[in-house]
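Peer 1:
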Amino acid sequence: LLLLLSCFFDISLVRFLLLTANCFCNIGAVQFYDADDKCKKYGECYHLSSFALPLESAEYACEGIGGHLSDIYSEKKANFLRGLHLSTDLYPFWVGLHCETSSLCSGARNYTFDTNNYENWCVKKAQPNFNNGNCVYEDYCSETSYGWFTAECDDIITDHYFSCQTDACSISNFCSQESQV
1 LLLLLSCFFD ISLVRFLLLT ANCFCNIGAV QFYDADDKCK KYGECYHLSS
51 FALPLESAEY ACEGIGGHLS DIYSEKKANF LRGLHLSTDL YPFWVGLHCE
101 TSSLCSGARN YTFDTNNYEN WCVKKAQPNF NNGNCVYEDY CSETSYGWFT
151 AECDDIITDH YFSCQTDACS ISNFCSQESQ V
């Protein structure tokens, strides 16, 4: 089929159409897309919480829908999530990262990454400050900029908004057709 279609169409377009048709989010979720190329979607869906919770409660809420707190590993994803939260006034928000140092963080799926590829610490306000804790949230760094701050992971008083990240529905992650956005 691909060979036949490639005779009439650009094969990269055919692949794109076949793959994106099978990659969607459940109702109420927003699919991560590239702001520079709105046609480029990722296999990640985001569910914004309209209420703020302490970190551990937010993590449990995400686990309850089969996801985890949204992690940030690139500037594109940071801008996407920030835009979602700011457009709905759900700010500041928890970021699903636990950091041992300013450049070594782990995400909810037990992966560790070097933040030299991307980080957004609010250095204007002396961040990261690991005396405050090892968990991360994003807030205003100034009137016109945003940044990461550290907080105690087990603090049951401080609450922030959050978004849960789930895998997009696809061939390998079945969702019923009725739940398609």
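Residues in the sequence shown are numbered from 1 upward in steps of one, following UniProt numbering. Yeah, the Cβ is synthetic: ideal placement off N, Cα and C, and Gly gets one too. Quick caveat, the model's predicted, so the values are computed rather than measured.
#1: Would DSSP call Leu90 helix, strand or coil?
#2: Mapping DSSP to helix, strand and coil, what is Ser163?
#3: Measure how close the beta-carbons of Leu53 and Asp159 come, nearest whole angstrom, since I'm counting them as under 8 Å.
#4: Taking the alpha-carbon positions, what's the Val123 to Glu59 distance?
#5: Using the C-alpha atoms, what's the distance from Cys105 back to Ala151?
#6: Could you tell me if Phe174 is buried or exposed, where buried requires 16 or more neighbouring beta carbons within 10 angstroms of its beta carbon?
#7: Determine, using beta carbons only, whether Tyr118 and Glu75 come nearer to each other than 8 Å.
#8: Just the Cα atoms here: how many angstroms apart are Ala126 and Val95?
#9: Considering only residues of the same chain and omitting the five flanking positions on each side of Ser163, which have a CB-CB separation below 6 Å?
Peer 2: Reading from the atomic positions:
#1: coil
#2: strand
#3: 5 Å
#4: 26 Å
#5: 14 Å
#6: exposed
#7: yes
#8: 18 Å
#9: Tyr46, Leu48 and Ser70
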